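The structure appears below as structure tokens.
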Amino acid sequence: MPTFLEAIREGLRQEMERDQRVILLGEDLGEGGVFRATEGLVERFGRERVIDSPLAESSIVGVSIGASLNGLVPVPEIQFADYIHPAMNQLVNEAAKIRYLSLGTFHCPITVRMPFGGGVHGGPFHSQCVESMFLGIPGLKIVIPSTATDAKALLLSAIRDPDPVLFFEHKYLYRRQRADALPNEPLPLGVAQVRREGKDLTIVSYGAMVHVALAAAEAASREGVAVEVVDLRTLCPLDRETVLASVRKTSKALVLYEANRTGGAGAEVAALIAEEAFEDLDGPVVRLAPPDVHFPFNSTLEQAYLPTSDSVLAAIRKLAAY
Amino acid sequence: MPTFLEAIREGLRQEMERDQRVILLGEDLGEGGVFRATEGLVERFGRERVIDSPLAESSIVGVSIGASLNGLVPVPEIQFADYIHPAMNQLVNEAAKIRYLSLGTFHCPITVRMPFGGGVHGGPFHSQCVESMFLGIPGLKIVIPSTATDAKALLLSAIRDPDPVLFFEHKYLYRRQRADALPNEPLPLGVAQVRREGKDLTIVSYGAMVHVALAAAEAASREGVAVEVVDLRTLCPLDRETVLASVRKTSKALVLYEANRTGGAGAEVAALIAEEAFEDLDGPVVRLAPPDVHFPFNSTLEQAYLPTSDSVLAAIRKLAAY
Amino acid sequence: MASSAPAAAITQQRDTANSLTEDDLRRLYELMALAKACDEKAWTLHRQGRISFVAPCRGHEAAQVGSAYALRPGQDVVFTYYRDIAVGLTLGMDLPNMFLSLFGKEALVNGGSRHMPWHLCHTGLKLMPATSVVATQIPQAAGAALAAKYRNDDSVTIVYFGDGATSEGDFHEALNWAAIHRLPLVFLCENNGYAISTPVSRQMSVTSVADRAAGYGVPGHIVDGSDPLAVYGATAEAVARARRGGGPTLLDAHMRRLRAHTSDDDNRRYMTPEQIEELRKHDPVDEFRQKLIRRGALTQEAAQHLDDTIREAIDQAVEMAEAAPEPDVASLATEVFGVAAGQLPPASL
Amino acid sequence: MASSAPAAAITQQRDTANSLTEDDLRRLYELMALAKACDEKAWTLHRQGRISFVAPCRGHEAAQVGSAYALRPGQDVVFTYYRDIAVGLTLGMDLPNMFLSLFGKEALVNGGSRHMPWHLCHTGLKLMPATSVVATQIPQAAGAALAAKYRNDDSVTIVYFGDGATSEGDFHEALNWAAIHRLPLVFLCENNGYAISTPVSRQMSVTSVADRAAGYGVPGHIVDGSDPLAVYGATAEAVARARRGGGPTLLDAHMRRLRAHTSDDDNRRYMTPEQIEELRKHDPVDEFRQKLIRRGALTQEAAQHLDDTIREAIDQAVEMAEAAPEPDVASLATEVFGVAAGQLPPASL
Ligand SMILES: Cc1ncc(C[n+]2csc(CCOP(=O)(O)OP(=O)(O)O)c2C)c(N)n1
Ligand SMILES: Cc1ncc(C[n+]2csc(CCOP(=O)(O)OP(=O)(O)O)c2C)c(N)n1
Ligand SMILES: [Mg+2]
Ligand SMILES: [Mg+2]
């Protein structure tokens, strides 16, 4: 049963076999990368397609953009999502605007892979959830798989997508999520997945928190509360219809995410629900997320920081009783 | 009647007179800066305190951080907020975390001044509203004055604040907003201001959009709708109490902002209202903001892009009638 | 795809300036005169309030034309910045599109009404999309050169940037990539001694951008950026070197910016009247014209005739562009993404 | 403020390595042996599953101790990176706090339980807060040096970073600032030939980081980073130069990283068994010990005694730190901001 990490590796290998234009670049990639996602690829495809970059994120993205404008399909890796910040200018001011400002005459097919997320004793610089920063940037797609199956299928679409895609890989899931078998076909971006059906309350989530939601939903079911869990899978495009349909059915919405509470993707989802499903709501739109502090190193603090199935269950109880 | 721009210049001058540790640094600052905000300051304080930096934003912020750790109170300018992106790493991974990760033994008193915003024929690279990107970053305060009076008073607090402050100056207001006289005392950060009272509907806004809201509110009053306008003044700290008190009174909330609709500060405010004032709401929380596209150059497109008092009035009518 | 075929601006490349024919010299002059005339027209239009923004190229004509003349239009890959109209004109960008772009109308190139005026972008000419952001194009150019090397297609990439741009981290990162991978890439610094109001003496502590090259193991040369032949020669050599696998070169073309930074700037705030007066004495277009006349490659009459032809062509383009319709506001929402939400991407890009 | 007074680690500075007394030599050795022992203990603790992370300093002891010994603790300003415990120990960082930090417990320095282990931070020692982010400290150090120059206090700032860090734009931007303002700043590259698994040959196309300096008008020197005396001498000279207003220096200290990058890494994935075997032959601490013994500055017995004393002190610190209470989860919310919402800042910071 292949892991999430193997799903990524398989996705990369499949696309590289299929399309000569796909190249990988990033720090330590040639030796397999710090998470071994690219292990074996240099042996298979050579150093011309699996490039150990200098330690310089702005140029990892900048070089990828330029290579994409000149006919390649680069898949840069940022070693940890925490280190995407030096490349922000290339992503936000450049990659995101190329199609729009060139009236579609140019486009920028890059897929920026970024291991992210907490629960792995990574501390403040190897745990951050930075996806929220990109949410308001037109022109950037944001993909965050929660299962090994999705990891591969969404990676295929991301690489094939003609526009820049931020592809977040949750480190906690790398070796913990497994698939029976890996798909060979892409999944469209912008389609959320109902991971569990329920009539009483909707949890909207993505990434590793989907599994926390599912655990809490299971516990809640034993208390007679039927929780529906919607896995967004992509933050952009955001599958508004699936979210709204679920909330219209359950009338109660809880948004669960791992980024800091304020300004996160959860705010967008909550605002969407408050605007579009107001008539159907039987309770406040509740957000559950880490507090507005930095990610701590110590594991006692880390546990207190992250939402858990217990804290989600408590929130379910409260909202269900509303 | 001093303008908003003069209020900034006056604020800088006052703090530089008061505190030897205050220095300015940024591109072209010595010659007054491209908006002339620092005009005359090099003559008054010398090139040691008003530093023409190299064209390198990451180091403008990085040098400011280091100088602040070693006892100065730097006020860096980023020539346009659109160009803060190269400095994102220094701001988000460094400045924002210094107090927290040093347990308060170090802190980083910098105030990053950034002219921002549209309506000035600036096109895609001289109009952006980037404030949303910083909303989820613990440790960064975000100040966005809408009047000349506030511009000075809030700048004083920002400079005196012991932590990093992002100080956004709306270019459209620079020469259009005037004060009778400028205050010499700071205003606390985190206190919203009710700019207009009304019982029927609340508009929450900030920056230049406050004036659009006020114009629309005036028009609505002639149609018998009493609109309350809350000017947030700071996005972090966010004055939740003032927002919630207003919405509890009016039962209807419209959030108006100039950043792209998705993921903006408006999402956070809408989510806050949906969570905390649900019981009091008599209608959906409506967001009005530019579409999720890049800022266009052509002025016909620019006008279509930005919310106007007409589009706000239309939204008021619709929500009031709900 | 809104590309048009590259105009037949340049028929033949020669390795050194010496091998240029008199036709080449006249063509260089024509392009410089055209760029100068476009610039002057734009400056006037701005003062008349008919356009809202222009970044002038005056003083940069020799460097832009001379360097671009050493390229194969539509084959070599070109990254420009906001001041590079003469590069575009040399490669074959046409006047109607240039003036549509200046007026912010629906040109089919340069980002049409959406983008800043005269930020070049043209697929057929391999003018990669320019933004206003300083230095970002430099690592992108390294990426384009990496792609060419990967494909082994013998194209060379050139990237233009100012002296101020060299302070950005992106400049350093790109030089490092180019050096490590020996990329077929020419770095062309249009060193006009100023970044807006900041003189190069406050931008760096060395006297030349070329000094930076050695630290990467890259050759760096200072070039007289006011002499189109010097720039042509240096660029042709660097291009040839890149083409035969010799790796990148950094050219530091020294020149003067004859106007304020852009139409939003006023250089009297940071230059003395004497400095501004001095600028007037150094017009590379006039100088080259005199040189060709002295050399007998051009007559006063031919030059005058050329000016008239150019003026007429520009006036026509202005008239057309100014009268062109405003964009449809419904177009605001197009071309954000190539594949809609919920759709699968095409099997092949 | 959670600072403790700087320990009396260094009593006197001397300008060149030659002027060091035998006491100084022994002190240098003690500090190197202490750092090595801390590192070995940490590595063991990690393998025993008692701590979750460590970035080793093995192989860097000579460079870290030698350079820090040329500083005035508590007066000169120090920016370190994640591998620099020997810098901290040399300046006077105490073992109890070091091991509380390693265990992620509530140390009053180094960010206590919040921060990554052994990311140094100590107000009294002017150890500026280190993060895990590569190269960000370099422009910050330029800023600190700018502040010192502005105040005209005679402090010097030193900044430590690895060979990989030189590829980041921040390295370039900082060198440029330092050069333009002739800042009292020493750049000390701990060049161990690798950035995680990436050899320096893929990181840059020149053979030495020192080669980069000339392009900024800054002196650059290669130093034997395995020899504490060579590093001390070069640093003392650079510090003296900075102190007398001579501006920045870039030192490129070449050394070997004797372990994997961190406890998360496995260097057998990218080094041959022979390469790893070779590393074992180059322990700068052993080498310096032998040198001092040969020279008569140290006896076998004294060295053995020192090892015992160190081991005991470390064991005590480990015991204390491991038994220290876990942090209170309520503390998570403290020290985000210094001034609460709605409050005015104090009149003076
Ligand atoms: C990243 C970034 N920072 C700041 C600016 C604002 N800005 C526009 S042009 C310019 C000066 C550029 O000078 P230089 O590179 O020498 O080119 P020149 O205009 O002289 O040709 C500045 C600071 C910008 N466009 N991008
Ligand atoms: C900005 C950034 N990018 C990537 C990383 C991940 N990373 C941590 S250490 C390291 C290698 C650093 O190498 P070097 O600068 O040579 O220092 P060394 O570890 O060899 O002492 C990398 C890539 C990081 N911490 N920060
Ligand atoms: Mg210039
Ligand atoms: Mg290294």
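Here the protein sequences line up with chains H, R, L and U, keeping their order. Going by the working numbering, the first residue of the first sequence is number 91, and it counts up by one from there. Going by the working numbering, the first residue of the second sequence is number 91, and it counts up by one from there. Going by the working numbering, the first residue of the third sequence is number 475, and it counts up by one from there. Going by the working numbering, the first residue of the fourth sequence is number 475, and it counts up by one from there. Note that CB positions come from ideal geometry on N, CA and C, so glycine has one too. As the structure is a computational prediction, the values presented were derived from the model and not from experiment.
Local conformation of residue i per DSSP, three classes
{"i": "residue 295 (chain R)", "result": "strand"}
{"i": "residue 807 (chain U)", "result": "helix"}
{"i": "residue 590 (chain L)", "result": "coil"}
{"i": "residue 326 (chain R)", "result": "strand"}
{"i": "residue 584 (chain U)", "result": "coil"}
{"i": "residue 482 (chain L)", "result": "Residue placement at residue 482 (chain L) is poorly supported in this model, since its pLDDT is 32, which falls under 50; the coordinates still yield a value, given next. Here residue 482 (chain L) sits in coil by DSSP."}
{"i": "residue 476 (chain L)", "result": "Because residue 476 (chain L) carries a pLDDT of 28, less than 50, the predicted location of this residue cannot be relied on, and the following value inherits that uncertainty. Coil at residue 476 (chain L), not helix or strand."}
{"i": "residue 547 (chain L)", "result": "coil"}
{"i": "residue 409 (chain H)", "result": "helix"}
{"i": "residue 277 (chain H)", "result": "coil"}
Pair within 8 Å by beta-carbon distance, residue i and residue j
{"i": "residue 114 (chain R)", "j": "residue 141 (chain R)", "result": "yes"}
{"i": "residue 724 (chain L)", "j": "residue 694 (chain L)", "result": "yes"}
{"i": "residue 706 (chain U)", "j": "residue 540 (chain U)", "result": "yes"}
{"i": "residue 819 (chain U)", "j": "residue 351 (chain R)", "result": "no"}
{"i": "residue 737 (chain U)", "j": "residue 527 (chain U)", "result": "yes"}
{"i": "residue 580 (chain U)", "j": "residue 190 (chain R)", "result": "no"}
{"i": "residue 538 (chain L)", "j": "residue 145 (chain R)", "result": "no"}
{"i": "residue 258 (chain R)", "j": "residue 234 (chain R)", "result": "yes"}
{"i": "residue 555 (chain U)", "j": "residue 636 (chain U)", "result": "yes"}
{"i": "residue 242 (chain H)", "j": "residue 210 (chain H)", "result": "no"}
{"i": "residue 516 (chain L)", "j": "residue 560 (chain L)", "result": "no"}
Ligand 1 heavy atom lying under 7 Å from the CB of residue i
{"i": "residue 173 (chain R)", "result": "yes"}
{"i": "residue 636 (chain L)", "result": "yes"}
{"i": "residue 647 (chain U)", "result": "no"}
Chain U contact residues for residue i, given Cβ-Cβ distances below 7 Å
{"i": "residue 447 (chain H)", "result": "Coverage of chain H is limited to positions 91 through 412, which leaves residue 447 (chain H) absent and any answer about it impossible."}
{"i": "residue 653 (chain L)", "result": "679"}
{"i": "residue 390 (chain H)", "result": "800, 801, 803"}
{"i": "residue 695 (chain L)", "result": "Correct list: empty, because the minimum Cβ distance to chain U is about 14 Å."}
Within chain U, partners of residue i - CB distance below 9 Å
{"i": "residue 135 (chain H)", "result": "Ordered by position in chain U, no residue passes the 9 Å Cβ test against residue 135 (chain H), which lies about 17 Å from the chain."}
Continuous beta strand (DSSP E) stretch holding residue i: start and end
{"i": "residue 695 (chain U)", "result": "694-698"}
{"i": "residue 650 (chain U)", "result": "From DSSP, residue 650 (chain U) is part of no beta strand (DSSP E) but of the alpha helix (DSSP H) over 643-654."}
{"i": "residue 745 (chain L)", "result": "Note, residue 745 (chain L): premise wrong, no beta strand (DSSP E); not H, not E."}
{"i": "residue 377 (chain H)", "result": "376-378"}
beta-carbon residue i near ligand 2 non-hydrogen atom, thresh 7 Å
{"i": "residue 575 (chain L)", "result": "no"}
{"i": "residue 619 (chain U)", "result": "no"}
{"i": "residue 728 (chain U)", "result": "no"}
Proximal residues of chain L, C-beta to C-beta of residue i below 9 Å
{"i": "residue 96 (chain R)", "result": "None at all; the shortest Cβ gap to chain L is about 17 Å."}
Where residue i meets chain H, residues with beta-carbon distance less than 9 Å
{"i": "residue 597 (chain L)", "result": "192, 195, 196"}
Residue i CB to nearest heavy atom of ligand 4 below 7 Å
{"i": "residue 668 (chain U)", "result": "yes"}
Where residue i meets chain H, residues with beta-carbon distance less than 8 Å
{"i": "residue 589 (chain U)", "result": "213, 214, 387"}
Unbroken alpha helix (DSSP H) run spanning residue i, endpoints
{"i": "residue 220 (chain H)", "result": "Careful: residue 220 (chain H) lies outside any alpha helix (DSSP H) and carries neither H nor E."}
{"i": "residue 561 (chain U)", "result": "559-565"}
{"i": "residue 246 (chain H)", "result": "238-250"}
{"i": "residue 779 (chain U)", "result": "774-797"}
Residues that residue i contacts on chain U, provided the C-beta gap is smaller than 8 Å
{"i": "residue 185 (chain H)", "result": "What residue 185 (chain H) touches in chain U: nothing, since even the nearest Cβ is about 17 Å away."}
{"i": "residue 113 (chain R)", "result": "624"}
Beta-carbon neighbours of residue i, restricted to chain A and to distances below 7 Å
{"i": "residue 281 (chain H)", "result": "Any reference to chain A falls outside this structure, whose protein chains are H, R, L and U."}
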